[in-house]
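K.L.:
Quick note on the working numbering: the sequence shown kicks off at 1448 and runs consecutively.
Glycine included, each C-beta is placed from N, C-alpha and C at the ideal position.
Following this message is one structure expressed as structure tokens.
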Amino acid sequence: MKTERPVYLSLTQFAWPFTAIASITHRVTGVLLVLGVGFLLWLAAMALESSAGFAAAAATLAQPWAKPVLLATLAALFYHLFAGIKHIFMDFHIGDSFAAAKASSVVVFLLTFIATAAAGAWLW
């Protein structure tokens, strides 16, 4: 019996639904938040230790890589926050149809872009 199913399914050739991309992004931003919050807690602990620690934290934030890392952490926070709010609404069966889930995923990405752009303008 010959089947018409593919033997090899390449993930790069697979047409991911937008809601699947949104779900995976929510998980990835959760992991990024763990790393980003760890960095921010390290900075806060260093800054609160002494005046020399505060100067060291300020010098760390003055490095050229610090603003992009901070912006990436904020972007992950914004996305995770907006997607979490979307999930809370879905828990109450508000917008839990496929069409509404797709539309709310687009809204989450748009809100994240707007909030990240505003944070980037504030940082720079």
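With a threshold of 16 other CB atoms inside 10 Å of the CB of residue 1555, please say whether the residue is buried or exposed.
P.N.:
With 16 or more other Cβ atoms within 10 Å, it is buried.
K.L.:
Let me make sure I understand the geometry here. Which of 1450, 1466, 1462, 1506 has the alpha-carbon closest to that of residue 1546?
P.N.:
The option with the nearest alpha carbon to residue 1546 is 1466.
K.L.:
My output table needs one value for residue 1535: the three-state DSSP class, helix, strand or coil.
P.N.:
Residue 1535 falls in the helix class under three-state DSSP.
K.L.:
Sort 1510, 1529, 1486, 1539 by Cα distance to residue 1562 and report the nearest one.
P.N.:
With distances taken between Cα atoms, residue 1562 lies closest to 1529.
K.L.:
Would you kindly work out how many angstroms separate the C-alpha atoms of residue 1551 and residue 1525, rounded to a whole number?
P.N.:
Their backbone Cα atoms lie some 15 Å apart in a straight line.
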